[in-house]
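Residue numbers (the working numbering), protein chains in the order written: chain A, 153 to 379; chain B, 153 to 379.
This report concerns only the one structure given below.
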DNA sequence: ATTTTTTTAATAAATCCTTTATATAAAACC
DNA sequence: GGTTTTATATAAAGGATTTATTAAAAAAAT
């Protein structure tokens, strides 16, 4: 999965260098020289990271920052501010405005790579997607089209397990083990059925189009994504 | 507060030099000559920085790097790679594997000192923001909208750890280790719960439960910033 | 020695897991 | 088709586990 970085930098020489060194390892770097063209692209395709110079021809860097952060949907976009050392605007101000990091210019090339990688590392949290569901395994969170769905711990584990194995049928026994551990046996019990009902109700209160299909005599399975 | 540096360097002469020059102004440098003894120490006390030579008797340097970065709890440990292989490829590879800097051997003593100091300075100047909270790790101070909040030492460490890892759930055990050290076990105790209550009360006297969420059976995590 | 902080211990409260019982549905059999 | 057998869905209750809270003891710090 490619990691998209927008560089918004007035100085074309610096911009060229940034583009060169960061265009590796799955980074897709796109350079912009002014805020107008930046936002034109931004509104159609959101990047994972923005490298933001504060000196721009058509807009104040702070305002770019504000405008990005205004929309809550952009909360996961990492913003690294690049600024000349003698700038009046301080690091604290930038952080207050919602920047995630601040690098003073002139910067070391390795320093830039290192910080970008550090942010990327942090961001590289796995997100599991299935249809309109997004699952954050590290936080036990599920979203359906940006709307958060509260599942209990076991419900979460069962759903995650099903989605991770969406191509096959999972027996009740296997599902039980998915949250209780391998050596737990679960004979003749309806626990999983109850959890499944909980999941179904929460994911889809109107009971219209269940994600989870029951396979008579076998267990459960997720629907194929295109049906 | 002392800054702990682990040096993992095969060559005892170089190791001695590193130890000598960095054991100044608040640095506590501990030297290891092989990965085995390094990890033994590492698992019981985490350093702030690792100086990593790539040529080791018992393990590939890259694998040391990987193993450290594997555990998300280590993401704030600065890793500086020292290597004789000074090709560009190797440099970028190392950074991509999670190193924060790369120094080619043979290195200038001043070069080493300067790079280490740069990382250390950054570490010391760090300000951590979360919602309306600002944390100054060096001073052990927390502000909520410019109003200072008095936390005890352990409360501070727990809150800081949670915020630094706001993207994931932290178990009570991990939180306990965050201030008591890696090799401390904390079995069947409610200490963390009590600290969490202390933090919640102080951060948010009206108990609207703004910040810390309990995950039943798992631990605690911070709320997403926009919820 | 006094105060503050940390931890333990005990109880209360909350969560949510599991069982149970019954209703419903699917497959098998006549 | 109708009946029986078997499997699943659902709702409600009970129970077990987990967390919150409080107070007091122990440990540290001043």
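Idealized CB from N, CA, C, for every residue including glycine.
Predicted model only: the values in this text are computed from it and were never measured.
Rounded to whole angstroms, how far is the Cβ of residue i from the Cβ of residue j, which I believe are closer than 8 Å?
i, j, result
"residue 274 of chain A", "residue 253 of chain A", "About 11 Å separates the two Cβ atoms, so there is no contact after all."
"residue 220 of chain B", "residue 255 of chain B", "So it is not a contact: roughly 18 Å between Cβ atoms."
"residue 281 of chain A", "residue 320 of chain A", "Going by Cβ atoms, the distance from residue 281 of chain A to residue 320 of chain A rounds to 18 Å, so no, they are not a contact pair."
"residue 171 of chain A", "residue 155 of chain A", "About 14 Å separates the two Cβ atoms, so there is no contact after all."
"residue 212 of chain B", "residue 185 of chain B", "Wrong, their Cβ atoms sit about 15 Å apart, outside the cutoff."
"residue 249 of chain A", "residue 217 of chain A", "5 Å"
"residue 200 of chain B", "residue 222 of chain B", "Going by Cβ atoms, the distance from residue 200 of chain B to residue 222 of chain B rounds to 19 Å, so no, they are not a contact pair."
"residue 257 of chain B", "residue 234 of chain B", "6 Å"
"residue 305 of chain A", "residue 367 of chain B", "7 Å"
If you draw a straight line from the C-alpha of residue i to the C-alpha of residue j, how long is it?
i, j, result
"residue 160 of chain B", "residue 202 of chain B", "7 Å"
"residue 192 of chain B", "residue 365 of chain A", "49 Å"
"residue 277 of chain B", "residue 288 of chain B", "8 Å"
"residue 169 of chain B", "residue 215 of chain A", "49 Å"
"residue 300 of chain A", "residue 245 of chain B", "38 Å"
"residue 363 of chain B", "residue 271 of chain A", "23 Å"
"residue 286 of chain B", "residue 316 of chain B", "12 Å"
"residue 174 of chain B", "residue 369 of chain B", "44 Å"
"residue 236 of chain B", "residue 242 of chain B", "10 Å"
"residue 261 of chain B", "residue 354 of chain B", "47 Å"
"residue 307 of chain B", "residue 323 of chain B", "16 Å"
"residue 303 of chain B", "residue 356 of chain B", "12 Å"
"residue 336 of chain B", "residue 197 of chain B", "10 Å"
"residue 347 of chain A", "residue 279 of chain B", "43 Å"
"residue 224 of chain A", "residue 338 of chain A", "44 Å"
"residue 269 of chain B", "residue 158 of chain B", "15 Å"
"residue 166 of chain B", "residue 259 of chain A", "29 Å"
"residue 333 of chain B", "residue 183 of chain B", "20 Å"
"residue 351 of chain B", "residue 283 of chain B", "15 Å"
"residue 330 of chain B", "residue 226 of chain B", "11 Å"
"residue 263 of chain A", "residue 376 of chain B", "29 Å"
"residue 358 of chain B", "residue 181 of chain B", "45 Å"
"residue 176 of chain A", "residue 251 of chain B", "16 Å"
"residue 190 of chain A", "residue 190 of chain B", "47 Å"
"residue 349 of chain B", "residue 228 of chain B", "26 Å"
"residue 318 of chain B", "residue 360 of chain B", "19 Å"
"residue 328 of chain A", "residue 194 of chain B", "36 Å"
"residue 325 of chain B", "residue 162 of chain A", "48 Å"
"residue 240 of chain A", "residue 265 of chain B", "30 Å"
"residue 371 of chain A", "residue 371 of chain B", "31 Å"
In the DSSP assignment, what residue or residues form a beta bridge with residue i?
i, result
"residue 233 of chain A", "A:204, A:254"
"residue 366 of chain A", "A:372"
"residue 176 of chain B", "Answer is none; residue 176 of chain B lacks a bridge partner."
"residue 157 of chain B", "B:181, B:201"
Assuming residue i is part of the beta strand (DSSP E), what are its boundary residues?
i, result
"residue 285 of chain A", "285 to 288"
"residue 314 of chain B", "Careful: residue 314 of chain B lies outside any beta strand (DSSP E), inside the alpha helix (DSSP H) at 305 to 316."
"residue 300 of chain A", "299 to 301"
"residue 281 of chain B", "280 to 282"
"residue 296 of chain B", "293 to 296"
On the DSSP letters alone, give me the boundaries of the alpha helix (DSSP H) that residue i sits inside.
i, result
"residue 328 of chain B", "324 to 332"
"residue 344 of chain A", "343 to 355"
"residue 358 of chain A", "Run containing residue 358 of chain A: none; DSSP gives neither H nor E here."
"residue 211 of chain A", "It is not in any alpha helix (DSSP H) - residue 211 of chain A carries neither H nor E in the DSSP assignment."
"residue 276 of chain B", "261 to 277"
"residue 190 of chain B", "187 to 196"
"residue 245 of chain A", "243 to 249"
Any heavy atom of the ligand COA within a distance shorter than 7 Å of the CB on residue i?
i, result
"residue 312 of chain B", "This structure lacks the ligand COA; in fact it carries no ligand of any kind."
Problem - the stretch 306 to 322 of chain A touching the stretch 342 to 357 of chain B, judged by at least three CB pairs closer than 8 Å - result: Not touching, per the Cβ criterion.
Problem - Cβ contact check for the stretch 286 to 304 of chain B and the stretch 205 to 217 of chain B: 3 or more pairs under 8 Å - result: The answer is no - the stretch 205 to 217 of chain B does not touch the stretch 286 to 304 of chain B, with fewer than three Cβ pairs under 8 Å.
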